[in-house]
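Numbering (the working numbering), first residue to last: 16 to 83.
Data first, discussion second: the structure below is written as structure tokens.
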């Protein structure tokens, strides 16, 4: 990805040769980040957790012998 490319360029050029710079302020930081579906999913998970429910993660791609 982009971050990996930047990291490689920095490594080759020399991290110590790159002057640190503060990030600029953006109005988008205060904007909503999650979609409506994400907000509802998070609220549902929290509501169920408060009632004592737990989420199960299953690993169906491993052999049953390993799961035991």
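Where a beta carbon is used, it is the ideal one built from N, C-alpha and C, also for glycine.
Rounded to the nearest whole angstrom, the CA to CA distance from residue 17 to residue 45 is 24 angstroms.
Within the model, the alpha-carbon separation for residue 29 versus residue 19 is close to 15 angstroms. Collapsing the DSSP output to three states places residue 64 in a helix.
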